[in-house]
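Participant:
Dropping the structure here:
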């Protein structure tokens with residue numbers, strides 16, 4: 001229990017991940033599914049960046065020469081920048097498809113769409 | 120339809136403020152792109168600012184202005200050309216680095232000056248163009264429903 | 267010299283993908299797309315020859331050495347996958363010249379070629395890369411591109427299928443990213459070889475974290491490669507996509523994720539760790555259930571393409587079954603099955619797509635007497651179906667034989683029953699189509715010989731794939747021994 005409180009970044013990230021996961025799976029509404037997807041991605045970003053953070057250190061922008069221990073680990077931050085770009089593009093693509101689905105089927109509820117069947 | 124009605128009631132305040140503010144946003148975007156190798160920022164951040172200024176321009180002045188020249192096809196050509204330049208430069212760098220070839224490399228310049236940092240400046244410019252166009256295309260897609 | 271070819275292949279595919287939209291004409295799109303694929307095919311063959319002669323190697327991408335920079339790891343398995351991917355995509359692109367206009371509007375055809383080149387490039391990136399985060403980026407590119415080649419046909423079923431696919435595959439990539447985050451937090455590395463070293467040194471203390479990480483990878487990549495209970499997106503996406511897209515999706519897209527999974531088990535964690543954890547038994551169980559349930563679901567289908575799509579679930583079950591055995595022979599059988607399935611299923615999808623395109627008939631019950639109307643297409647379909655059933659002299663037989671040998675070598679003879687039952691079930695859904703197509707007095711009545719047949723030249727790409735099926739059937743031993751020679755390099 002004590003570990004959960006000292007590592008509160010990770011605990012929060014895992015809770016958010018669960019929230020996103022359940023939202024993505026349990027809701028029929030496509031917009032809610034996409035929101036869940038985003039929450040899930042954000043949780044992973046939080047987890048990753050928390051791994052690179054060193055308490056009391058600065059952002060790795062070199063102004064005056066300092067030893068390497070004075071800066072946080074920039075690698076997770078850089079990786080998550082890529083991750084954010086990827087998540088944004090997937091979200092935009094999914095939203096564009098949702099608009100098309102709404103035009104064609106008249107609803108954004110996946111269960112109703114599946115009930116309508118194909119052909 | 121709603122959007123078109125809204126555009127008809129364009130207000131003077133918006134147009135005047137827009138005329139004042141948009142050039143500054145664009146100059147700032149170019150500054151961020153060109154100083155990406157010296158300070159925080161770079162192609163992605165600057166491209167987003169440039170894209171935001173294009174969106175603002177589109178919202179304030181509507182379709183009948185400069186922006187109307189940015190048709191989907193033309194914008195896509197710019198984007199593909201930037202991607203090609205990016206791919207070619209980065210591919211060259213990857214290949215020569217991986218093969219340990221000592222061939223021509225872009226001059227490094229003096230650290231701290233604008234023309235320094237090797238490939239980073241041209242790559243930042245390419246990324247800036249790509250990102251600004253992507254942001255603008257996303258906006259167009261969701262605002263107008265079509266591209 | 268050959269060691270830079272994998273990088274050049276990916277660069278050529280990506281750069282050509284973005285060169286295509288610069289030209290408006292469909293002809294230019296085809297020339298650029300196919301010539302890029304051709305160059306890549308030649309380079310991948312040269313890479314394979316080089317690797318075979320000199321063994322596996324690392325290739326540094328860019329100017330930084332391993333723990334900081336990105337590396338490619340090319341062994342015989344990766345080389346073989348490069349050749350396989352490029353051969354199949356070359357055949358599919360060749361076929362698409364004759365068929366893609368039928369499904370797409372004129373404006374969308376160049377987009378199709380862009381997406382295919384992006385897709386194949388990113389899949390090869392997944393196969394070659396030795397850096398976990400780089401693999402993740404390639405996974406995301408490939409999932410956007412593969413949804414793109416489904417939705418490029420502008421029908422409402424396609425949009426529904428692509429959305430379903432996109433949501434489930436982004437769920438999968440979210441899980442994979444979380445797994446990468448766990449591994450990174452344990453080891454501080456993203457390079458597979460360095461992660462392996464670090465993991466082995468800390469193994470007994472952190473085994474629970476490793477179990478969670480490998481579970482996340484299993485589920486995440488399982489969603490993407492249609493491991494049995496996670497396959498729900500597959501039938502829709504593969505059924506409604508244009509024929510060329512379905513062939514690529516089932517022959518290549520599923521396979522790249524499996525290869526990544528194999529690399530994660532063998533290169534990142536290593537058998538010494540994975541062997542202690544209960545993961546492989548679950549993979550074995552899911553594979554075995556998938557082999558049977560996929561076939562049962564396929565029997566229930568009325569739509570021809572949907573039946574072939576469900577058959578993919580069963581065939582992917584074989585691959586996971588082989589991985590789950592955890593022995594070298596099991597892994598070799600799984601990789602052989604990847605070859606068998608890639609060639610067979612792309613031939614099946616292309617011929618089923620031709621039948622659908624020429625006759626407009628989707629349902630199996632309407633296809634009586636099709637063997638007289640389209641004798642060559644149906645012959646191709648027959649060979650593909652018989653290969654999956656396991657008729658000798660076709661690659662499916664060799665594949666099943668390998669599985670049987672692997673099961674016996676692993677001393678788990680009871681699993682032999684699963685392999686046999688699954689082949690039997692395969693026969694139950696492929697043979698009715700074939701028999702109704704060729705035989706039966708009343709079904710052949712009123713059919714004109716070669717009425718709706720494609721010209722032979724348009725069938726050539728599928729014939730090339732079928733020749734591959736027959737080649738691996740007649741002399742599968744060569745490929746198997748090559749795979750077995752390549753497996754040690756994975757560890």
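Protein chains in written order, with my numbering: chain A, 1 to 119; chain B, 120 to 266; chain C, 267 to 757.
Glycine residues also receive a C-beta, built at the ideal position from the N, C-alpha and C atoms.
#1: Along the segment 85-102 of chain A, what residues have a CB closer than 9 Å to any CB found in chain B?
#2: By DSSP's criteria, residue 326(C) is part of a beta bridge. Which residues make up the other side?
#3: In terms of residues, what are the limits of the alpha helix (DSSP H) holding residue 82(A)?
#4: Once the 5 residues before and after residue 369(C) are set aside, which same chain residues still bring their CB inside 7 Å of it?
#5: Which residue or residues does DSSP assign as beta-bridge partners of residue 629(C)?
#6: Report, in whole angstroms, the separation of the C-beta atoms of residue 449(C) and residue 428(C), which I expect to be a contact under 8 Å.
#7: Take residue 363(C) and list the residues in its own chain whose beta-carbon comes closer than 7 Å to its own, dropping the five residues that flank it on each side.
#8: Just to confirm my understanding: we take residue 675(C), look at its own chain, exclude 5 residues before and 5 after, and list those with CB closer than 7 Å. What are they?
#9: Would you mind stating whether residue 396(C) and residue 338(C) have Cβ atoms separated by less than 7 Å?
#10: Whose C-beta lies closer than 8 Å to the C-beta of residue 124(B) among residues of the same chain, with five residues either side of it excluded?
#11: Along the chain, where does the alpha helix (DSSP H) that runs through residue 38(A) open and close?
#12: With a CB to CB cut of under 8 Å and the five nearest residues on each side skipped, what residues in its chain are close to residue 285(C)?
#13: Nearest chain C C-beta to residue 113(A) closer than 7 Å, yes or no?
#14: Using the beta-carbon of each residue, which ones in chain C are nearer than 7 Å to residue 104(A)?
#15: Rounded to a whole number of angstroms, what is the C-alpha to C-alpha distance between residue 164(B) and residue 173(B)?
#16: Please classify residue 219(B): is it buried, with 16 or more other beta-carbons within 10 angstroms of its beta-carbon, or exposed?
#17: Can you tell me whether residue 273(C) is buried or exposed, with buried defined as 16 or more other CB within 10 angstroms of its CB?
#18: With three or more beta-carbon pairs closer than 8 Å as the criterion, would you say the segment 734-746 of chain C touches the segment 659-669 of chain C?
#19: Distance cutoff 7 Å, beta carbons only. Does residue 233(B) sit that close to anything in chain A?
#20: Give the interface partners of residue 287(C) over in chain B, defined as CB-CB distance under 8 Å, in chain order.
#21: If I measure Cβ to Cβ from residue 344(C) and keep anything under 7 Å in the same chain, skipping five residues before and after, which residues do I get?
#22: Since residue 640(C) and residue 533(C) are thought to touch, with beta carbons under 8 Å apart, how far apart are those beta carbons, to the nearest angstrom?
#23: Use the C-beta contact count for residue 754(C): other C-beta atoms within 10 angstroms, 16 or more gives buried, fewer gives exposed.
#24: Buried or exposed, going by whether 16 or more other CB atoms sit within 10 Å of the CB of residue 656(C)?
#25: Closest Cβ-Cβ distance between residue 213(B) and chain C: below 7 Å?
#26: Which residue comes first and which comes last in the alpha helix (DSSP H) that contains residue 278(C)?
#27: Taking 8 Å as the threshold, find out whether the segment 609-616 of chain C comes into contact with the segment 504-518 of chain C through three or more Cβ pairs.
#28: On the criterion of 16 or more Cβ atoms from any shown chain inside 10 Å, does residue 319(C) qualify as buried, or is it exposed?
#29: Give, in chain order, every residue of the segment 326-349 of chain C whose Cβ lies closer than 7 Å to some Cβ of chain B.
#30: For chain C, find out if any of its Cβ atoms is closer than 7 Å to the Cβ of residue 32(A); answer yes or no.
#31: If I measure Cβ to Cβ from residue 431(C) and keep anything under 7 Å in the same chain, skipping five residues before and after, which residues do I get?
#32: How long is the line joining the alpha carbons of residue 151(B) and residue 242(B), rounded to whole angstroms?
#33: Is DSSP giving residue 715(C) helix, strand or coil here?
#34: Taking a cut of 7 Å between CB atoms, which residues from the segment 576-594 of chain C lie near chain A?
#35: By the DSSP assignment, the alpha helix (DSSP H) with residue 59(A) in it spans what residues?
#36: How would you call residue 213(B), buried or exposed, if buried means at least 16 neighbouring beta carbons within 10 angstroms?
Facilitator: A quick look at the data gives this:
#1: 85, 88, 89, 92, 95, 96 and 99
#2: 337(C)
#3: 74-105
#4: Cβ neighbours of residue 369(C) beyond the five flanking positions: 419 and 508.
#5: 569(C)
#6: Not confirmed; about 31 Å, so no contact.
#7: 296
#8: 593 and 595
#9: yes
#10: Low local confidence applies: a pLDDT of 49 at residue 124(B) is under 50, so the model's placement there is unreliable, and no value is given.
#11: 30-52
#12: 298
#13: yes
#14: The contacting residues are 422 and 425.
#15: 14 Å
#16: Residue 219(B) counts as exposed, since fewer than 16 other beta carbons sit within 10 angstroms of its beta carbon.
#17: In this structure residue 273(C) is buried. Its beta-carbon is surrounded by 16 or more other beta-carbon atoms within 10 angstroms.
#18: yes
#19: Under the 7 Å criterion on CB atoms, residue 233(B) is classed as non-interfacial with respect to chain A.
#20: Correct list: 195, 196 and 199.
#21: 393 and 394
#22: For residue 640(C) against residue 533(C), the beta-carbon gap comes to about 46 Å, at or over 8 Å, which does not count as contact.
#23: exposed
#24: buried
#25: yes
#26: 271-285
#27: yes
#28: exposed
#29: 326, 327, 328 and 329
#30: no
#31: Closer than 7 Å at Cβ, skipping near neighbours: 413, 416, 499 and 503.
#32: 13 Å
#33: coil
#34: Those would be none; no residue qualifies.
#35: Taken as a continuous stretch (DSSP letters only), residue 59(A) belongs to no alpha helix (DSSP H), as it is neither H nor E.
#36: buried
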